[in-house]
Every structure is written in C-alpha cells, then in structure tokens.
Amino acid sequence: MIYLCATMWHETVDEMSNILASIFRLDKYKPSSSKSHEDNFDFEAHIYFDDAFHLTVPQDNVQERVANEYVKSLVCIMEDIYRTFSGEKQNLKDEQEDDEMVKQTIMETPYGGRITYTLPHGNMLHVHLKDKQKIRHKKRWSQIMYMYYLLGWKLNRKYFTLTGILEDEILTSNASKTEKENTYILALDGDTGFQPSAIILLVDRLRRYPGVGAACGRIHPTGTGPMVWYQKFEYAVGHWLQKTAEHVLGCVLCSPGCFSLYRAAALMDDNVVKKYTTKATEGHHFVQYDQGM
2 MIYLCATMWH ETVDEMSNIL ASIFRLDKYK PSSSKSHEDN FDFEAHIYFD
52 DAFHLTVPQD NVQERVANEY VKSLVCIMED IYRTFSGEKQ NLKDEQEDDE
102 MVKQTIMETP YGGRITYTLP HGNMLHVHLK DKQKIRHKKR WSQIMYMYYL
152 LGWKLNRKYF TLTGILEDEI LTSNASKTEK ENTYILALDG DTGFQPSAII
202 LLVDRLRRYP GVGAACGRIH PTGTGPMVWY QKFEYAVGHW LQKTAEHVLG
252 CVLCSPGCFS LYRAAALMDD NVVKKYTTKA TEGHHFVQYD QGM
C-alpha cells in the first residue's frame, strides 16, 4: 500500500491542478480493480489543507466558520479534472443524491471536515480540511497528523488482539511486521507534479534495499526567470553533491517533503515520529523543526 500525502495552504489554481492531475494519472495507471497489473500495488491519496476555514461577516451577531476561497478553488478544479479524466459531463454527485455510484462524500470531523472522492478508476482521494482553532496548523503538524493516523491507527488497528493465545500473537506479529515493511508514505507538496513512473522508481529502490528507510526523487523547478535559475542550481547541487555525500557517510540528513517515499517500518521504529513532534519553543527551533522532513 502506498499513501500519497500532500499538504496545502494557499496554492494557486495552477499548482493545485498540477498535483490533482498527477493523482488522476496514477489512478488511470493503476486502477483499484486491477490485481494483475505489472506494478502490483494499491494506493490511497490524502490532501491535508491547512487553515481551510474563515469567519463569515457577522449577521445578527452570529458568525460561522466556512470553507475559504482556496478550498472552493480546489473543489472547482477537482470537478474540471474529474470530467477530463473520466469523460463525463455531469458534476460530481453528493452522497445525499439517489445514485448507486457515489463519487463525493462530505463529513464533519473533530479537526474540521473531510471530502472523500472516488476517482474514475476506483481509487480514493481524501481531502482533510483543518480548522486551526481545533488542531495545530502548519506543514509539519499536518505531516505528524497523517503519520499518526495512517500508521499509528489505520495500519495498526487491524492487528490489535485480545486472544491471549501465544500462537495467534506470533502470527499477528509476523503479519504486522510484513505489512509495515511493504507500506509506504509518499510525502508531497501541494504544487508537485509527477508521473507514475517516478513513484515506481522510488518503490523499486526501497524493495531492493530493505535496510533503506526513505528515498527521495530529484526535484525539477518549473517556470522562468532568475529565481527559477537559482532554484535549479541549488536543487541540483543538493541532489548530486550534498545528498550523495550524506548517503556515503551513512545517513541523509534531510529528505525533502515535496517528493519522498518513506517506509512505514522506519517511521514506526522507536521514537522516530515522536521525535518529530517536538514543539518549537525558541527562535532557532522554528528554522530547525519547521523546514520540512
């Protein structure tokens, strides 16, 4: 299983279109119903939207928290891309509508809200709308949120056992260990565009080397102008020189959160994710802790 996890905040229409189109391409490449595919894996996409709500203009001294303009843009883009990839002309259907093929579900959650989409080829996309008055905002806390939810709860809960029989506990432990080794989280930014082949390369790398906990793809900045030239140079130096040297020394110090694949077993090792939850209390902590994974 591969969990695609993207973080968003104030992305532009073009940036949102990039990542949504990439997820739809992967859905087309690997339909959920295909079990004989040459790249046999399942995937599920999650988008964590920071600061997704704002207060309405007071009416009769009452204010409500509603989805902001960026969330509305995402929903509109989602409909356009859905029609492009599915060839359908109708709008996405809500669960309240009387239709067997429900494509969109909206629900309230303790942290804000969630919109769940069924993609044209059967895979799932969950958009988590975070209310900063209910849960910590910013990218690092979104990453902590999805790691604890997907790994600490969703993966682990199926192996909870109360039988007390040693043989059953051993079988459960072995099955849990196997799934952790074969479950991955792909960390993405809200403006990242990618092809399915890029993910396959990272997965192959982790399958080939069981001792490797994470692998990152090379980032190619797009656009024009001096700032993009500088980014291309900086990213190339970081990928070909800095990370290569760190790999030889035995540990890559920074795996960028915009396109990195993490093995669940590595993240779930003792005190790994817990260390990542350290609160920033001093000035240099904000630079050290909140600059990605």
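As numbered in our numbering, residues 2 to 294 make up the sequence shown, in order.
Ideal Cβ placement from N, Cα and C applies to all residues, glycine included.
Rounded to the nearest angstrom, what separates residue i and residue j at their Cα positions?
| i | j | result |
| --- | --- | --- |
| residue 16 | residue 190 | 10 Å |
| residue 282 | residue 179 | 38 Å |
| residue 175 | residue 85 | 43 Å |
| residue 233 | residue 203 | 21 Å |
| residue 206 | residue 27 | 19 Å |
| residue 105 | residue 128 | 11 Å |
| residue 220 | residue 63 | 47 Å |
| residue 143 | residue 227 | 31 Å |
| residue 236 | residue 126 | 30 Å |
| residue 23 | residue 197 | 8 Å |
| residue 289 | residue 200 | 28 Å |
| residue 56 | residue 130 | 15 Å |
| residue 208 | residue 58 | 53 Å |
| residue 181 | residue 265 | 5 Å |
| residue 138 | residue 3 | 24 Å |
| residue 160 | residue 29 | 31 Å |
| residue 153 | residue 244 | 29 Å |
| residue 229 | residue 223 | 7 Å |
| residue 81 | residue 46 | 18 Å |
| residue 291 | residue 285 | 10 Å |
| residue 214 | residue 278 | 19 Å |
| residue 21 | residue 256 | 23 Å |
Figure out for me which residue from the options has the closest Cα to the Cα of residue i.
| i | options | result |
| --- | --- | --- |
| residue 145 | 199, 283 and 6 | 6 |
| residue 268 | 280, 225, 129 and 156 | 156 |
| residue 112 | 45, 219 and 66 | 66 |
| residue 260 | 195, 14 and 250 | 195 |
| residue 54 | 22, 11, 29 and 33 | 11 |
| residue 79 | 58, 108 and 48 | 48 |
| residue 33 | 120, 222 and 177 | 120 |
| residue 87 | 257, 124, 19 and 74 | 124 |
| residue 193 | 215, 4 and 9 | 9 |
| residue 13 | 140, 137 and 72 | 72 |
| residue 151 | 140, 184 and 172 | 184 |
| residue 118 | 69, 25, 136 and 149 | 25 |
| residue 134 | 148, 114, 122 and 287 | 114 |
Does the beta-carbon of residue i have 16 or more other beta-carbons within 10 angstroms, so that it is buried, or is it exposed?
| i | result |
| --- | --- |
| residue 211 | exposed |
| residue 110 | exposed |
| residue 231 | exposed |
| residue 52 | buried |
| residue 250 | exposed |
| residue 280 | exposed |
| residue 253 | buried |
| residue 42 | exposed |
| residue 100 | Note on residue 100: pLDDT 49, under 50, position unreliable in the model; no value is reported. |
| residue 158 | exposed |
| residue 276 | exposed |
| residue 246 | exposed |
Helix, strand or coil for residue i, going by three-state DSSP, please let me know.
| i | result |
| --- | --- |
| residue 234 | helix |
| residue 228 | helix |
| residue 284 | helix |
| residue 136 | coil |
| residue 55 | strand |
| residue 180 | helix |
| residue 43 | coil |
| residue 2 | coil |
| residue 264 | strand |
| residue 25 | helix |
| residue 279 | coil |
| residue 127 | strand |
For residue i and chain D, any beta-carbon pair shorter than 8 Å?
| i | result |
| --- | --- |
| residue 69 | No chain D is present in this structure, which holds just one protein chain. |
*Where in the region 67-93 do unbroken runs of the beta strand (DSSP E), each at least 3 residues long, occur, reported from the N-terminal end onward?*
The qualifying runs do not exist here; there are none.
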